[in-house]
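Participant:
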Amino acid sequence: MVYGQFHDCDAGSTIILDVGSSSVKAGFCGEDLPRAVFPARVGDKPTHKKRSARGMPESAEATPATRRDFPVRDGAVADWDLLGKLLELTFTEELETTPEQGYAVLVAEAPGAKEEQRERMARLLFETLKAPAVCFYNAAALSLFASGRTRGLVLDVGASVSKAVPVFEGFGIAHALTTSKRAGAAVTAVLAEKMGLGHDDARRAKEKACAFGAPEDVEVELPDGTVVSVDAAARALAPEALFEDREVGEVDEDCTSLTRPGDDDRNLQTLVASSLQLCDKDLQVEFAENVVLAGGTTMLPGFCGRLQNELERGLSHRARCVPGGAGGPAERGYTKQRKHAAWVGGSLFASLETFEHIKVTKREWEDDEEAVHKRSF
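Now the structure itself:
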């Protein structure tokens, strides 16, 4: 894809929306980070009205969470009524916008999303939330764009699912998409089991304490003010669930323990290798040398080096993870952004002239509802 030149975003004329299994990231085109990042959950009034990507708390919740509280599960919409309420809250309370302001919406779409889901999302945005125009773009391609590349393999390790997605010139290679349940929730569940914590407390402890090769015990303050000690063994053991050869299993309904192993339980190095093998041989080396990390779980200290070591041991050719330790200024900048990589890429893409040509207006959708498929990438 030829992306074109940057244009004036008209002071944030487009809302960038990335709704995952764990969190919502929302904001306006042309900005560096999302204005609001908050749990993708409907029901409890949060303790903090604003939870900005610029440092405000992201996990303030009034009661323990279960998977039933979240409209998006394992990367797919499971409850459309809940999603509608969540998006209305996002637009009116978090972003403080009204339909009369006429914001277009760019949706960072989960790789592998079904056309039926895109159709229902378009209907929700056009008819219920009154968006004048929408655009659906592959979240992996947006993450790659945020790193300054148009070719590479994106490893997105989210809350409930991990995906390896090769991207060529801005287009995700659908037949080479691979997925696994080895993701952030699995790390949380291991820590919850080992320490006897509930999901929310275990997630906080994971974010504050877990690291590959952690050398010492640390203390973590939980949301209720309780201070717990996380020993070095627990800090290092929990994230190893992402790379271990043994079957880890699926996260249970309460997100606090692991059940029987699932059908798709590949560790992350196998996930990447499997995706590479599904690509054209002429592209495998280039993709292996540009494995771009995305998602909050990849922010765990030591993650990049751990994955790189596994890939170099398992692949027949050189592999390089992005961001790596020897990266330049742009790569170091992406390191700080990759927790929100798809959103950042969407903000950049919506600032390009190309976006104006591929977004679908409500009138175009009313004339031909297939337009959201014909212009999705």
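The sequence shown begins at 1 in UniProt numbering and counts up one residue at a time.
Where a beta carbon is used, it is the ideal one built from N, C-alpha and C, also for glycine.
All of these numbers come straight from a predicted model, not from anything done at the bench.
1) By the DSSP assignment, the alpha helix (DSSP H) with T270 in it spans what residues?
2) Do the CB positions of L17 and V105 come within less than 8 Å of each other?
3) Run through the DSSP bridge pairs and tell me what C135 is partnered with.
4) Suppose contacts are defined by Cβ-Cβ distances below 8 Å. Is T178 in contact with A159 by that definition?
5) Terminal residues of the continuous beta strand (DSSP E) containing S229?
6) Quick one: what does DSSP say F349 is sitting in, helix, strand or coil?
7) Here's the rule: buried if 16 or more other CB atoms are within 10 angstroms of the residue's CB, otherwise exposed. What is E115?
8) Can you confirm whether the segment 267 to 275 touches the segment 190 to 197 when touching is taken to mean that 3 or more C-beta pairs between the two stretches lie within less than 8 Å?
9) Please classify A74 as buried or exposed, where buried requires at least 16 other C-beta atoms within 10 Å of its C-beta.
10) Is it buried or exposed, T256, if we count other Cβ atoms within 10 angstroms and call 16 or more buried?
11) Can you say whether F171 is buried or exposed, counting buried as having 16 or more other CB atoms within 10 angstroms of its CB?
12) If you measure between the beta carbons of G184 and V157, is that distance less than 8 Å?
13) Taking the alpha carbon of M195 as the point to measure from, which residue in V167, K208, S229 and D224 has its own alpha carbon closest?
14) With a cut-off of 8 Å on the beta carbons, I'd call A319 and Q337 a contact; round off their distance for me.
15) Exposed or buried, K374, counting other C-beta atoms within 10 Å across all chains shown (16 or more means buried)?
16) Spatial neighbours of C210 within its chain, please: C-beta separation below 6 Å, excluding the five flanking residues on both sides.
17) If A40 sits next to P71, beta carbons under 8 Å apart, how far is it from one beta carbon to the other, in whole angstroms?
18) In its own chain, which residues sit with a C-beta less than 7 Å from the C-beta of D231, not counting the 5 before and 5 after it?
19) By the 10 Å Cβ neighbour count, where 16 or more other Cβ atoms means buried, how is A233 classified, buried or exposed?
20) For H317, count neighbouring Cβ atoms within 10 angstroms of its own Cβ and tell me buried if that reaches 16, exposed if not.
Facilitator: The short version:
1) Annotation for T270: the continuous alpha helix (DSSP H) segment containing it runs L268 to Q277.
2) Cβ distance < 8 Å, so L17 and V105 count as in contact.
3) DSSP, once it has assigned bridges, lists L106 as partnering C135.
4) For T178 and A159, no; Cβs fall outside 8 Å.
5) Its beta strand (DSSP E) spans residues V227 to V230.
6) Of the three classes helix, strand and coil, the one that applies to F349 here is helix, per DSSP.
7) Classification for E115: exposed.
8) The segment 190 to 197 vs the segment 267 to 275: no contact.
9) As written in the sequence, residue 74 is Asp, which differs from the Ala given in the question. Around the C-beta of D74, 16 or more other C-beta atoms lie within 10 Å, and the residue is accordingly described as buried.
10) Confidence is the limiting factor: at T256 the pLDDT is only 45, short of 50, which leaves the residue's position unreliable and the question unanswerable from this model.
11) Burial call: exposed.
12) Yes, the pair counts as a contact, with Cβ atoms nearer than the cut-off.
13) For the residues V167, K208, S229 and D224, the minimum Cα distance to M195 belongs to S229.
14) 22 Å between Cβ atoms; not a contact.
15) With fewer than 16 Cβ atoms within 10 Å of its Cβ, K374 is classed as exposed.
16) Correct list, in chain order: R235, A238, P239 and L300.
17) In this structure A40 is in contact with P71, their Cβ atoms being roughly 7 Å apart against a cut-off of 8 Å.
18) In its chain, beyond the 5 residues on either side, D217 have a beta carbon closer than 7 Å to the beta carbon of D231.
19) By the neighbour-count criterion, in which 16 or more other beta carbons inside 10 Å mark a residue as buried, A233 falls on the exposed side.
20) The residue is exposed, with fewer than 16 neighbouring Cβ atoms inside 10 Å.
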